[in-house]
Structures are given as structure tokens and as C-alpha cells.
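Here is the structure we will look at.
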Amino acid sequence: MASKAAHLFSSFVATLVFMIAFAVVNAAVDSGKAGALGASYIFGDSLVDAGNNNFLPTLSKANIKPNGIDFKQSGGQPTGRYTNGRTIGDIIGEELGQPRYAVPFLDPNTTGDAILYGVNYASGGGGIMNATGRIFVNRLSMDIQIDYFNITRKQIDKLLGPSKAKEHVMKKSIFSITIGSNDFLNNYLLPVLSIGARVTQTPDSFVDDLLSHLTSQLTRLYQLDARKFILGNVGPIGCIPYQRTINQLKEDECVALPNQLALRYNAKLKDLVAQLNDNLPGATFVHANVYDLVLELITNYDKYGNYNMSIYIALYFLSLVQIMLINRIV
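In case it helps, mature numbering (1 follows the signal peptide of the UniProt record, and there is no 0) puts the sequence shown at residues -27 to -1, 1 to 303.
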């Protein structure tokens, strides 16, 4: 029998999905058009990669089991998603009623009308800095992901015409960015290879560099007509199995330094979100506090029943989208 906590969680899920659906319908009615949300354009790392790395000569791949074993659309076969099932981006799009998942940009079948429902540019091993993830040989950095969106943007112009394309991107699309973890794990904190960088650059200086690059990247997306953004912060990366293993910690322990760096970055990211909302006319940036949510699930997992963590995180992101909809942001 399901636990009381699990039952309450199920009720929460149902209520949240209903509220979001209601908000979407109201937004569509108010705008006078069906389908107020046209597309989701997804940027980031392995947390949201939907298969781009399948098409790269890279050491970072998720095309073997157990990845994909619970992904119904593939019949339990790996798709390049770094998860047993759906990514956060998949779940958000599905619950918002989008008929298709955002397709991987590098997939040769990502052409024509498919791009109007959303495109996924995320890449396992990718980061804000171009040097991040070099240990994997190939990956798509945030700069390259935006280069690829620029190509998509021109394709949308050809499909819809410049005027309708601009409306589609500015008014009917959400841009979600889930990136930053690899900049610590596979750059600044990379065993052996990062020693020189840490000698020459303090943690605060590195965090400032990250945010400076991210500011330029988000501004570039804005210049390509992106207006509605959800930015996920960095989770408690000191608690992941990889960090626990190389630091020889117990299962219930976390590595202090990675979490401290994540918290420094997250505090400044929240300030950056406020600055971007003030400085970029017509844009809305929403900050998603992934760190506290994931830490709560890690620390008190037994409270929430036997549920996939990615679903819970996705529902949190969905609640942020709901707020945007209710406030007529989307």
C-alpha cells in the first residue's frame, strides 16, 4: 500500500498539473489564440540532453542501458537521455500539453515544422565556459548551443515569415537553461587537471567569470528575440555519487567544497536574474532554486515516497511556468 506521504505527493502532482492546465487555457483565451505556449527551447547539460551527444564523437554518451529503460516512447531503449526515463524538459513540455518533445538539434530529422514545437540544444558535459568538459573530447558549450539556436531562428523565419516568426519566439516560446554544474565538476574541480587553474584563480573570481559569460550568452539569446527565460541554479553537486566516491565519503555525506562553490554561484545568479529583468526591456527571467529542492529530497527522501526525483524537479519548474502564465508573462 502506498504511504501517506506518497498519497499526498500524488495529490500535489494532480493539483499542480490541473492549475497549470487551467492557467494555460486562460492565457490562450485571453490572447484570442489556441496554444498560448508554442515551443520550448532547451539549453544545458546532461540533465536535459535529449540525445545531441549521440551525434558527437564524445566520451560522454548515454546511448546504453540502463539509460532509457523506462522511456515509453522508445520502448525502453536508450535515446541519449542521461536518465532511465524522461528529462526535466520532457516532463515540462508534456504536462503543458505540447504534442511533441523538443527534438535534439543534431538529429538529422530535426527539420521543418518539428522545430516549431521546440528544439533541444543541451549536451552532456557542456558548460558555460568553452573549456568545460574538455575531458570528454567533444560536447556543446553554451556558446555553441546558442550558435545552433541562431540557425533555428533563421529556419523559423523561413517557415513562418519574419513577422510571425518573431511573434512565435517572443510571445509563445519559453527558453529554459539548466547549466553550470560541469563548470565546477569538469573544469574548476576536475581532479589533477584543474590544479593550475585553482592556483591562478580564486573561487570568487571563477564564479564571477562564469556569470560574466552567462550574462553575455543570455543577452545574445535576447537579441535573437528570446523573452521568457527559466534559469535553473546549480544543485548540491557535492552530494552526487561521483564526488562521494572520489572523496571516499559515506552514502549520507556530501563534499563541502563543491556545495560551497554552488552556493556562491547561486547567490550571484539570483542577483543576476534581477539585473536582467531590470536591464532587458520586455524580458522575464525566472530563477529556479534547484539546489534547495534537490538537497531536501536527498536529505529527507523517505518523506516523499518512491518517486523519480526528476519528476519532482520538473514539477517545480512547472510551478514557475504556471506563475508566468497567471501573470500574463507567457
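Quick reminder that beta carbons are idealized off the backbone N, C-alpha and C, glycines included.
If you're wondering where the values come from, they're calculated on a predicted model, not measured in any experiment.
message: Is it the case that the region 67 to 77 contacts the region 21 to 37, given that we only count it when at least three CB pairs across the two stretches are under 8 Å?
response: Yes, the region 21 to 37 is in contact with the region 67 to 77.
Here's the rule: buried if 16 or more other CB atoms are within 10 angstroms of the residue's CB, otherwise exposed. What is LEU59? For the purposes of this step, residue 59 is taken as the residue at position 86 of the sequence shown. In the sequence under discussion, the amino acid at residue 59 is Arg, which differs from the Leu named in the question. In summary, ARG59 is buried, with 16 or more beta-carbon neighbours lying within 10 Å of its beta-carbon over all protein chains present.
Let me check one thing: in DSSP terms, what residues is GLY205 bridge-paired to?
Position 232 of the sequence shown, counted from the first residue, corresponds to residue 205. According to DSSP, GLY205 bridges with THR151, ALA261.
Q. By the 10 Å Cβ neighbour count, where 16 or more other Cβ atoms means buried, how is GLY17 classified, buried or exposed?
A. By one-based count along the sequence shown, residue 17 stands at place 44. Burial call: buried.
Taking C-alpha atoms, which residue in THR188, GLU269, GLY134, PRO231 lies nearest to PRO164?
The residue you call residue 164 lines up with position 191 of the sequence shown. Ranking the options by Cα distance to PRO164, first place goes to PRO231.
If you measure between the beta carbons of THR125 and VAL92, is that distance less than 7 Å? In the sequence shown, counting from the first residue as 1, residue 125 sits at position 152. In the sequence shown, counting from the first residue as 1, residue 92 sits at position 119. A contact, by the Cβ cut-off of 7 Å.
I'd like the span of the beta strand (DSSP E) that includes SER19, first residue to last.
The sequence position of residue 19 within the sequence shown is 46, counting from 1. SER19 -> no beta strand (DSSP E), and no H or E assigned at all.
The alpha helix (DSSP H) with ASN252 in it runs from where to where?
Mapped onto the sequence shown, residue 252 falls at position 279. Here the alpha helix (DSSP H) through ASN252 covers 229 to 252.
Open item on the list: Let me check understanding here. Comparing Cα to Cα, which of ALA95, PHE109, PRO254 lies closest to TYR121?
Closed with: Here residue 121 refers to the residue found at position 148 of the sequence shown. Nearest in C-alpha terms to TYR121, of all of ALA95, PHE109, PRO254, is ALA95.
message = In this structure, how does DSSP classify GLY91 when only helix, strand and coil are distinguished?
response = Indexing the sequence shown from 1 puts residue 91 at position 118. In the structure shown, GLY91 sits in a strand (DSSP, three-state: E or B).
Rounded to whole angstroms, what is the Cα-Cα separation between PHE28 and ASP80? As a position in the sequence shown, residue 28 is number 55, starting the count at 1. As a position in the sequence shown, residue 80 is number 107, starting the count at 1. Going by the C-alpha atoms only, they are around 7 Å apart.
Practice problem: Within the same chain, show all residues whose beta-carbon is closer than 6 Å to that of LYS127, passing over the 5 residues directly before and after it, in chain order. | Solution: The count along the sequence shown starts at 1 and reaches residue 127 at position 154. None.
For my contact list, GLY153 and LEU183 are in at a C-beta cut-off of 8 Å; report their separation, rounded to the angstrom. Counting from one through the sequence shown, the residue named residue 153 turns up at place 180. Counting from one through the sequence shown, the residue named residue 183 turns up at place 210. That belief holds up - the Cβ atoms of GLY153 and LEU183 are roughly 7 Å apart, short of 8 Å.
Using the three-state DSSP reduction, which class does SER146 fall into: helix, strand or coil?
By 1-based counting over the sequence shown, the position of residue 146 is 173. SER146: strand per DSSP, three-state reduction.
Where DSSP assigns a beta bridge to ARG54, which residues make up the other side? To locate residue 54, count along the sequence shown from 1; it is residue 81. Answer is ALA23, bridged to ARG54.
ask   = Got a sec, what are the start and stop residues for the alpha helix (DSSP H) PHE179 sits in?
value = If you number the sequence shown from 1, residue 179 lands on position 206. Run containing PHE179: 176 to 196, per the alpha helix (DSSP H) assignment.
Compare the beta carbon distance of PHE109 and SER167 with 7 Å and say whether it is the shorter of the two.
-> Mapped onto the sequence shown, residue 109 falls at position 136. Mapped onto the sequence shown, residue 167 falls at position 194. Against a cut-off of 7 Å, the Cβ pair of SER167 and PHE109 comes out as no contact.
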